[in-house]
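As structure tokens, the structure follows; a few thoughts come after it.
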Amino acid sequence: MGKALREGEDYDTELFAQFMRHRGMLIEELGLIIKEEFESSILDQAEDNEDVEPNSNLYRYSCRPKNLLTLVEKLRRMRTTPIDRIQDVAGLRLDLDCTLEMQDTVARRLEDVMKASGAKRTRILDMRANPHNGYRAVHIHVDFPAGKAEIQIRTPLQAEWANAYEIAADIFGRQIRYEGGCETLDEKDQRIVYALHDISDMVYNFELSQQEVRSRHRKDHKLGAIAPAVTENNLKIEEVYATISNLRRLLKEHRDNLETSPLSLDERKG
Numbered sequence: 001m002g003k004a005l006r007e008g009e010d011y012d013t014e015l016f017a018q019f020m021r022h023r024g025m026l027i028e029e030l031g032l033i034i035k036e037e038f039e040s041s042i043l044d045q046a047e048d049n050e051d052v053e054p055n056s057n058l059y060r061y062s063c064r065p066k067n068l069l070t071l072v073e074k075l076r077r078m079r080t081t082p083i084d085r086i087q088d089v090a091g092l093r094l095d096l097d098c099t100l101e102m103q104d105t106v107a108r109r110l111e112d113v114m115k116a117s118g119a120k121r122t123r124i125l126d127m128r129a130n131p132h133n134g135y136r137a138v139h140i141h142v143d144f145p146a147g148k149a150e151i152q153i154r155t156p157l158q159a160e161w162a163n164a165y166e167i168a169a170d171i172f173g174r175q176i177r178y179e180g181g182c183e184t185l186d187e188k189d190q191r192i193v194y195a196l197h198d199i200s201d202m203v204y205n206f207e208l209s210q211q212e213v214r215s216r217h218r219k220d221h222k223l224g225a226i227a228p229a230v231t232e233n234n235l236k237i238e239e240v241y242a243t244i245s246n247l248r249r250l251l252k253e254h255r256d257n258l259e260t261s262p263l264s265l266d267e268r269k270g
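Here full-length UniProt numbering is used: the first residue of the sequence shown is 1, the next is one more, and so on.
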């Protein structure tokens with residue numbers, strides 16, 4: 001089935017639907033495990049109308065099975081990998097109001113929980129210092145007897161940047177999500193995409209500084225001497241988040257305008 005999808009040939013649609021249902025059931029089970037784990041958390045689960053912003057004290061998890069288009073793209077990039085060996089056909093995103101240190105703690109805790117729940121193998125992938133075309137997060141790859149899955153753990157800034165970049169990929173082509181994918185763009189579009197990469201670098205450096213400020217706060221016995229720095233840092237994080245959110249909104253408006261224009265997005269991209 002994977003070979004047929006990869007090469008654009010006819011495939012067994014019922015078998016594919018069964019495969020995707022199976023993966024969907026797997027991530028639903030993982031979602032229940034994570035929900036149970038976070039019931040005792042200091043964070044609150046975000047409502048549908050709430051965003052997981054800095055200093056919101058919120059978290060949100062969402063199940064994310066790949067659609068046919070993105071799965072075919074992945075199969076074509078991984079030319080010899082069988083479809084059942086692709087890690088992120090079943091994916092779960094966990095966005096939470098946290099520091100980099102807390103992100104590490106959550107990843108290690110969830111890895112232990114997955115092992116206790118029957119995972120045969122687990123692996124934590126840290127993509128913060130070395131991002132994938134600007135994308136930063138901590139992922140957990142889990143292998144259960146029922147199949148493979150991926151858990152993505154993101155801070156508010158990492159998640160909002162990823163959301164903005166996903167919209168940019170709709171505008172400029174999904175190839176910008178991969179190494180060398182910007183080379184086919186004209187100079188103007190390249191500048192926009194590379195600016196997003198620069199913002200990703202800024203986010204990472206800012207989150208590192210946030211961690212440093214909070215670490216100093218914990219170590220200092222005179223809390224009043226450091227507390228103003230923590231407050232100032234929290235306000236700056238909110239400003240950075242607002243900047244990225246505004247950029248995402250502008251990109252979305254641009255994409256929506258292109259979608260309603262006589263020339264389709266696909267025609268503009270190629």
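Virtual Cβ for every residue (Gly too), placed ideally from N, Cα, C. Since the structure is predicted, the reported quantities are computational estimates derived from the model, not experimental observations.
Under 8 Å by Cβ, that's how I've got residue i and residue j pegged, so tell me the actual separation to the nearest angstrom.
i           : j           : result
residue 157 : residue 193 : Actually they are not in contact, since the Cβ atoms of residue 157 and residue 193 sit about 19 Å apart, beyond 8 Å.
residue 172 : residue 189 : 5 Å
residue 36  : residue 91  : Not really, about 19 Å apart at Cβ, beyond 8 Å.
residue 159 : residue 135 : Between residue 135 and residue 159 the Cβ distance is about 11 Å, and since that is not below 8 Å, they are no contact.
residue 164 : residue 196 : 7 Å
residue 210 : residue 237 : 6 Å
Is residue i buried or exposed, if buried means 16 or more other CB atoms sit within 10 Å of its CB?
i           : result
residue 154 : buried
residue 200 : buried
residue 57  : exposed
residue 253 : exposed
residue 249 : exposed
residue 100 : buried
residue 114 : buried
residue 67  : exposed
residue 21  : exposed
residue 54  : buried
residue 216 : exposed
residue 178 : exposed
residue 180 : exposed
residue 130 : exposed
residue 242 : exposed
residue 214 : buried
residue 227 : exposed
residue 23  : buried
residue 97  : buried
residue 233 : buried
residue 95  : buried
So, helix, strand or coil for residue i, using DSSP?
i           : result
residue 272 : For the chain, the structure presents residues 1 to 270; residue 272 sits outside this window and is missing.
residue 62  : strand
residue 137 : coil
residue 236 : helix
residue 231 : helix
residue 48  : coil
residue 149 : strand
residue 154 : strand
residue 92  : strand
residue 125 : strand
residue 143 : strand
Under 7 Å between the Cβ atoms of residue i and residue j?
i           : j           : result
residue 117 : residue 27  : no
residue 251 : residue 176 : no
residue 6   : residue 76  : yes
residue 111 : residue 83  : no
residue 169 : residue 138 : no
residue 93  : residue 128 : no
residue 43  : residue 61  : no
residue 87  : residue 3   : no
residue 121 : residue 143 : yes
Could you tell me the alpha carbon to alpha carbon distance between residue i and residue j, rounded to whole angstroms?
i           : j           : result
residue 51  : residue 247 : 16 Å
residue 109 : residue 119 : 14 Å
residue 230 : residue 73  : 44 Å
residue 9   : residue 71  : 14 Å
residue 49  : residue 239 : 21 Å
residue 11  : residue 18  : 13 Å
residue 16  : residue 1   : 7 Å
residue 208 : residue 198 : 16 Å
residue 124 : residue 31  : 18 Å
residue 46  : residue 38  : 12 Å
residue 25  : residue 69  : 20 Å
residue 261 : residue 104 : 44 Å
residue 126 : residue 102 : 13 Å
residue 259 : residue 14  : 32 Å
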